[in-house]
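Note sheet for the following structure.
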Amino acid sequence: MKSLVTMIGRDGERARLSGLVAAAGGQALVLRGESGVGKSALLDHVATLASDDGHEVIRAAGVEAESDLPFAGLHQILYPLLPHIEALDTGHRAVFDAVFGQSEGRPPSVMSLGIAVLDLLSLATSEKPLLLILDDGQWLDASSADVCGFAGRRLTGSSVKLLIALRSDIPSRFDTAALPEVAVPALTDEAAAELLDLCHPGLDPQLRRLVLDQARGNPLALLELPPFLGGTRPGRAPEGAFAFQGVPLPRRLQHVYGTRVEALGDAVREELLRGALDGVGTAAASTHTPVLRYRMRDAEEAVAAGLLETDPIGGDLVFRHPLVRSTVVQLATPNQRRAAHADLARIHRDDVERRATHLAAAAVDPDEEVATALEAAADSATRRGSAVTAVAWLTRAAELSESHEGRSRRLSNAAFTAGYAGLLDQAQQLVNAELPTGRNESPSAVATSAYMSWYEDGDVRSSRRQVAAAIEKLRDQGAESTPDVLLRLVNLLLGIEQYAGEPESWRRTRRLLDSLGDLVTERSLIYRDAWGDVVLHGAGLADRVERALADLSELEPWDVMRLAVCAYHVDILGQYRPHLQRIVERELETGAMGVGMTMLHLIMLDQMAVGEWDEADRTGQRGLDLMASHGYTLLAQQTRAYLALVAAQRGRVERARELQAMVDAWARPRGVGFLTQLADAAGTAAALSEGDYEAAYLHAIGVTAPGTFTPYGHQAARTLLDLVEAAVHTGRSEQARRHALAARDAGLPAVSPRLAMITYGALAMTATEEAEIADMYERAETHPAAAHFPFEAARIRLAHGIRLRHTQGPKAARPLLTMAAETFERLGAETWTERARAELRASGVSARAASAHLSTLTWQERRIADLAASGLTNKEIGERMHLSPRTVSSHLYRVFPKLGITSRAALRDALGKSQEGTED
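Here is the structure:
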């Protein structure tokens, strides 16, 4: 094609591209311009430059027909690099196996896949630099575009260049990728005239002026208009064809190509249509990929008409320009397109997603085979991380169902997936589509309506009644025939009950589940016990949760989310946070907002637990912004409650009380007990931070009365230490002791590691016998949970140190007071730090002096040292702190000489002696 060979008037663009190729480090660049302006010519130019400069060049192109297929574009880019994948580590190979469908693992997040791609590119450039060229990036599927954008922003320091061409008139995922851009404008009048004279010398002056006027500097138009207007190609322009000056140039060019297509024979047009609908590209974008595409044959007539050309690499017939491809499709009748899709479905019989896409486009009447194929494609899309695509395919499957039951089931599945993806309006539309009578009585209608009322307005009361009634109706009608629908309703009811936190309602729900017998799965029974009351039902629950989470790759995202909530309730969430952090970005970026937002809550909760309070604040604020913008009012209020807790623990009591008041005012009238208890817990924590123990006690008994644990109140056990401390400091020794004994008698130490530690601490604070006091403090302070819950551990050490100062003298108290002060300071708990320092001063030593030796360790070094001293391996420490085992080892290598030791076994004694050395 002449316009792709001749480069006129592009000096500035060529200079910029030459600089890209010559650059010492990696970088990305976007070329943006209208169709036909010469972007492909510039890509050809830079490909030649890079090849001559010793680069390996890989080309790919977005295809409109594949824009809904997850990772279709990434397959093109990665396929030439497959030989390098075997050299990656096991984790990154698993990421690519999931993307290429070689394993059943969960699809990776954009971040984890992007990092794996960067590592693969690094391997590929070990011998020579690499240039990746992506044409028609506006048609790239969303998953691939997000990964390319992530990688493109991180090429600095590599030997990889990425060049992307986009049409300026079509929105794309790259519009917000924050990559540097070069605009490709129309040619100047002088350059346009030069190019026209070079490509079409000797034109009639009047025709030449007309072409220049109509082309407006567009190189493709300068090439194609003269034959069309001059009648030298088949399909001469009709009279007055270009009198419509206001029509955009791409549409005019499509008209040019359309006249040529219409002049072709029927067989050739059918051949072109099959190629166009299957995404056959252009010669400039030709790539070798594992994807089988239709091969056009016997189309020499289209070659002669300037519509097709031969790919110089593969020898196949390809379209001369993407506008030719779109013109062929637009000119075809619906029946012609359906026939072509049917042909293509047969060709792609071994590709689940492509076959289903073509079958759906070919179908007119209900067809159970096609509907089943679309269901399988939706399952595949879900596994590959595209919930939005899955909803679209399930909706089409419902349209093609031959029975009312099949249609209802598929619409229910679509509504369920849309609801968990945060597409609440679409979920409601799907429910309405299921109900031709307009009566919202179907199970999926109830589920969607309840889900929306619950999350959008916190309506736990009516939502609970609706869902429970729907479960009873299914049970009475014989729920064995619809187990999936029943299970969704059961899990939804349990979630609503968790937020309502109303004891009698929970008891009714437990009785309802008992009436369902074996229809309730073990996983749902775990949800019931963990989300309900761990004091009553927590025995052995942690082991059940760990078994259910043993193979994360086999779980759907919503099941991972639900089980992770269970892990939080039994205080073992930390071991699963790395997995949550790997998949949360994928869930948010693929539209699964409901799941992703809850995962952000869980990540924030673990950050709060381990003392990463700055990170918890950032996670909470990010979640709050997302929840507010998507209408998830319930989750937004829950986030405010967590932010209030963090602020309270840090001593920022005004902020804590402001958030607490907002949450309480919203949740209490609605009966959202989960949030009102969180608000009371935040009020308790704020009062304790201020030293206002009377206010703290009043807030704490709003959660649970002394000596009891409010049934199905999730904060009742979690605030054990708060109530006991407040009672002790206000002279309510009998109430404090009764509460500590109630915790012991309820078996809280067996429920979770955190509850064990704070139960021992509460017993120690309230005991009167010296032997019990010493024993309980020893159990609390040496418990493995002390390293994972540093705030509670520091409070227990502070209380112990205060007691020792009064009973055994200042010297005995100093080590514990020093450890407490140092921990509070690291955490950023300002008022608690000052309280511990005051106790140190009372013991006769400066708080700064007492912690001077330990302060030579950084926060991260001290945390790693504490975890290592508790007996964790480097791998276990790395999982907790999200570091590699090698990084953990490096930190310990620096810690040992600072503490004057040479082995891991000496850590515990060294951490203690480093404080004792300040006593003299």
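Read in order, the letters of the sequence shown correspond to residues 1 to 920 in the working numbering. All C-beta atoms in this analysis are idealised placements derived from N, C-alpha and C, irrespective of residue type, glycine included. Computed from a predicted model, the values in this text were never measured in an experiment.
Taking each of VAL388, HIS714 and ALA41 in turn and checking the Cα distance to SER143, the smallest one comes out for VAL388. A direct Cα-Cα distance of roughly 11 Å separates ALA799 from THR766. Contact between the stretch 593-613 and the stretch 543-555 is not established, with fewer than three Cβ pairs separated by less than 8 Å. Secondary structure at ALA28: strand, using DSSP grouped into helix, strand and coil.
Beyond the five residues adjoining it in sequence on each side, TYR777 comes within less than 6 Å, by CB distance, of ALA764 and HIS800 in the same chain, given in chain order.
Bounds of any beta strand (DSSP E) do not take in ASP533, whose DSSP letter is neither H nor E.
Among the bridge pairs identified by DSSP, LEU134 is matched with ALA60 and ILE164. Contact check between the stretch 169-177 and the stretch 188-197: fewer than three CB pairs, one atom from each, fall below 8 Å, which does not count as touching. A distance below 8 Å separates the beta carbons of VAL751 and LEU541. LEU253 is positioned such that its CB atom lies no closer than 8 Å to that of GLU300. Put simply, of VAL485, ASP484 and GLY495 the residue whose alpha carbon is nearest the alpha carbon of ARG464 is GLY495. In chain order, TRP139 and ASP141 place their CB closer than 6 Å to the CB of SER67, counting only its own chain and leaving out the 5 sequence neighbours on each side. Membership of ALA145 in the alpha helix (DSSP H) is indicated by the continuous run 142-152.
Burial is judged here by how many other beta carbons sit within 10 angstroms of a residue's own beta carbon; LYS875 has fewer than 16 and is exposed. The beta carbon of LEU624 sits closer than 8 Å to the beta carbons of ALA636, THR639, ARG640 and LEU643 from its chain, once the five residues preceding and following it are set aside; these are given in chain order. When C-alpha distances from ASP379 are compared across ASP367, GLU56 and ARG410, the shortest belongs to ARG410.
Here the stretch 149-158 makes contact with the stretch 17-34; the two share three or more CB pairs at distances below 8 Å. Taking a contact as a CB-CB distance under 8 Å, the pair VAL728 and ALA736 counts as one, their CB atoms being some 5 Å apart. Under the three-state reduction of DSSP output, VAL653 falls in the helix class. For GLU127, there is no enclosing alpha helix (DSSP H), since its DSSP letter is neither H nor E.
Contact check for LEU344 against LEU277 passes: the beta carbons are separated by less than 8 Å. The beta carbons of ARG14 and HIS45 sit closer together than 8 Å.
Under DSSP, ALA786 shares a beta bridge with no residue. Bounds of the alpha helix (DSSP H) holding GLU190 are 189-199. When the beta-carbon positions are compared, TYR712 and TRP506 come within less than 8 Å of each other.
Two segments are said to touch when three or more pairs of C-beta atoms, one from each, lie closer than 8 Å; by this definition the stretch 647-663 touches the stretch 674-690. Contact between the stretch 602-611 and the stretch 782-800 is established, with three or more Cβ pairs separated by less than 8 Å.
The shortest C-alpha to C-alpha distance from THR782 to any of THR768, ILE758 and ILE802 is the one to ILE758. Residue range 317-319 is occupied by the beta strand (DSSP E) that includes PHE319. Counting only runs of at least 4 residues, the stretch 363-402 fully encloses the following alpha helix (DSSP H) elements, listed from N- to C-terminal order: 368-383 and 387-399. Taking a 10 Å sphere around the C-beta of ASN335, we find fewer than 16 other C-beta atoms and assign the residue as exposed. If you draw a 10 Å sphere on the C-beta of ARG297, you find fewer than 16 other C-beta atoms in it, and that means exposed. Nearest C-alpha to ALA821 among ARG797, GLY844, HIS806 and TYR693: ARG797.
Using a Cβ distance threshold of 8 Å, ILE115 and ALA47 do not count as a contacting pair. Proximity to ARG657 across ALA696, GLY671, PRO669 and THR619 peaks at ALA696, based on C-alpha coordinates. Secondary structure note for ALA445: its alpha helix (DSSP H) is the uninterrupted segment 443-457.
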